[in-house]
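Here's the structure, in structure tokens; my notes come after.
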Amino acid sequence: MLCFRAFTAASEKFSFTSTTSVSETTGSEKPSPPKIPMNCWTNSCISTVPFITHHTYQSVTSPRIVSGFESRDIVRISQGSHNRDRDNVIEERSLSISVSTPDYGSNNLGVTMRTSGNDDLLAIGMLYSEGIIKSIRDVESINSEVDSIHFSLRDSSSFNPEIHCRGSTVTSACGICGRSTIDDVLHMHVPDLQEGFGVSIELLSKCLGTMKPNQPFFANTGGSHACASFSEDGQIGMIFEDVGRHNAMDKLVGFYVNNDSIPLSDMILVVSGRASFELVQKSIRAGFPVMASIGAPSTMAIDLAREYGKTLICFAKSDSATVYSGHRRFSNF
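What follows is the structure, encoded as structure tokens:
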């Protein structure tokens, strides 16, 4: 089974080096954005794609961890009998995220519970979605260690500790928990959502059919969420899985921010779970004109989608769907 051609070709170029600043590695007054290594699933195979590896990148390893899940001893009980067995369980670990800026020094943003891997992309996606950075050019350097990651940000970033530092751990179920207010998230600057993008039941069916076999964590554990991007003709762009739906989304957005490909005005977002407010907010911030979810929406998610003119499709299946916002983009109407 082959990986996407672009990633296969790109993977021949890279070598790992220690943490350095972007300006030091490029030697220019206006350095290009930092690029980082990336492990992700494409066409059911894992692809390691470090674009320009000028930052420390260290994956979490354990003798019993296999690609985001672990094998644990269990007892299966069925029809009055029980059997000892082993079962694969999705990995959940804490990740501490901190930033430093010329104005505010070093600050801890908080701790999030995630499935390890692509921590750099997760943190970049979170910084972008919360308005801390406008692009990867706001990042001076990244230092990633086991279960912690630190960003040195430039003056151009919008970091404010009173707004962005959290008061509690972000669980795998809630990406916005710990914030004292969500007003800044609700009304931050977002790109205009493209009106010309068209979606149909046929497109949704193709996307869903492609997405399912590209979720190895879910196939092995039943415990992960996935977020994927697709082109208007149903070709998969990227897909990420994580124990937390907001983490999978941050990894997806972080990939495109890291490659300076935002806004995603010509792509559709498909998520494996329900359409929560935070996923809709992150997708609007990234510029996705259309979001489709397999599960149900929340009232706040619908209201936010309607406010920004986003097409929100839920209960998506191969032959049916429910459109809660922006039905003008749906060709079946």
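Sequential numbering of the sequence shown, starting at 21, is according to our numbering.
Every residue, glycine too, gets a C-beta built ideally from N, C-alpha and C.
Taking the beta strand (DSSP E) that residue i falls in, what are its first and last residues?
i: Leu332; result: 331 to 334
i: Val263; result: Segment: none, Val263 is in no beta strand (DSSP E) and carries neither H nor E.
i: Leu142; result: It is not in any beta strand (DSSP E) - Leu142 instead sits in the alpha helix (DSSP H) that spans 139 to 149.
i: Ile110; result: 101 to 110
i: Ala248; result: 245 to 251
With which residues is residue i paired in a DSSP beta bridge?
i: Gly293; result: Note: Gly293 sits in no beta bridge, so no partner.
i: Arg96; result: Asn103
i: Gly125; result: Thr121
i: Thr342; result: Cys334
i: Ile288; result: Phe250, Val310
i: Phe350; result: Val219
i: Ile256; result: Phe250
i: Ser91; result: Asn108
Note down the Cα distance separating residue i from residue j, rounded to an integer number of angstroms.
i: Glu150; j: Gly218; result: 28 Å
i: Ser164; j: Val119; result: 12 Å
i: Ser67; j: Arg294; result: With a pLDDT of only 37 at Ser67, under 50, the local geometry of the prediction cannot be trusted, and no value is derived from it.
i: Ala336; j: Leu289; result: 12 Å
i: Val159; j: His170; result: 11 Å
i: Arg134; j: Ser168; result: 12 Å
i: Tyr328; j: Leu213; result: 8 Å
i: Thr73; j: Ile144; result: Any reading at Thr73 must be qualified, since the residue scores a pLDDT of 32, below 50, and its modelled position is unreliable; the value itself is stated next. Between Thr73 and Ile144, the C-alpha separation is close to 15 Å.
i: His184; j: Leu129; result: 7 Å
i: Gly274; j: Gly100; result: 48 Å
i: Met58; j: Asn138; result: Unreliable placement is indicated for Met58, whose pLDDT of 42 sits below 50; the coordinate value is still reported in the next sentence. In a straight line, the C-alpha of Met58 is about 6 Å away from that of Asn138.
i: Ser91; j: Asp123; result: 46 Å
i: Ile314; j: Cys227; result: 11 Å
i: Gly264; j: Ser136; result: 11 Å
i: Ile282; j: Met258; result: 14 Å
i: Leu115; j: Gly125; result: 20 Å
i: Met231; j: Leu223; result: 12 Å
i: Ile322; j: Ala248; result: 20 Å
i: Thr76; j: Asn127; result: Any reading at Thr76 needs caution, since the residue's pLDDT is 30, under 50, leaving its predicted position unreliable; the model's value is listed next. If you take the alpha carbons of Thr76 and Asn127, they lie about 20 Å apart.
i: Met320; j: Phe237; result: 29 Å
Taking all protein chains shown into account, decide if residue i is buried (16 or more other Cβ within 10 angstroms of its Cβ) or exposed.
i: His102; result: exposed
i: Ser351; result: exposed
i: Asp105; result: exposed
i: His209; result: exposed
i: Pro233; result: exposed
i: Thr241; result: buried
i: Glu298; result: buried
i: Ser340; result: exposed
i: Ser303; result: buried
i: Gln255; result: exposed
i: His266; result: buried
i: Ser188; result: Reliability fails at Ser188, whose pLDDT of 48 lies under 50, so the model's placement of it is uncertain and no value is given.
i: Gly216; result: exposed
i: Gly88; result: buried
i: Gly307; result: buried
i: Gly229; result: exposed
i: Asp175; result: exposed
i: Asp262; result: buried
How about residue i and residue j: do their beta carbons lie closer than 8 Å?
i: Ile94; j: Asp107; result: yes
i: Arg305; j: Thr331; result: no
i: Ile156; j: Asp280; result: yes
i: Val343; j: Ala325; result: no
i: Ser361; j: Ile153; result: No statement about residue 361 is possible, as the shown extent of the chain runs from 21 to 353 and does not include it.
i: Ser292; j: Ala246; result: yes
i: Phe260; j: Met287; result: no
i: Leu142; j: Asp270; result: yes
i: Ser177; j: Thr121; result: yes
i: Ser285; j: Pro181; result: no
i: Tyr148; j: Val310; result: no
i: Ser225; j: Ser338; result: yes
Which residue marks the beginning of the alpha helix (DSSP H) containing residue i, and which one marks its end?
i: Ala312; result: Careful: Ala312 lies outside any alpha helix (DSSP H), inside the beta strand (DSSP E) at 310 to 313.
i: Arg157; result: Here Arg157 belongs to no alpha helix (DSSP H), and DSSP marks it neither H nor E.
i: Ala325; result: 319 to 327
i: Phe237; result: 236 to 241
i: His209; result: No alpha helix (DSSP H) contains His209, which DSSP labels as neither H nor E.
i: Ile183; result: 181 to 184
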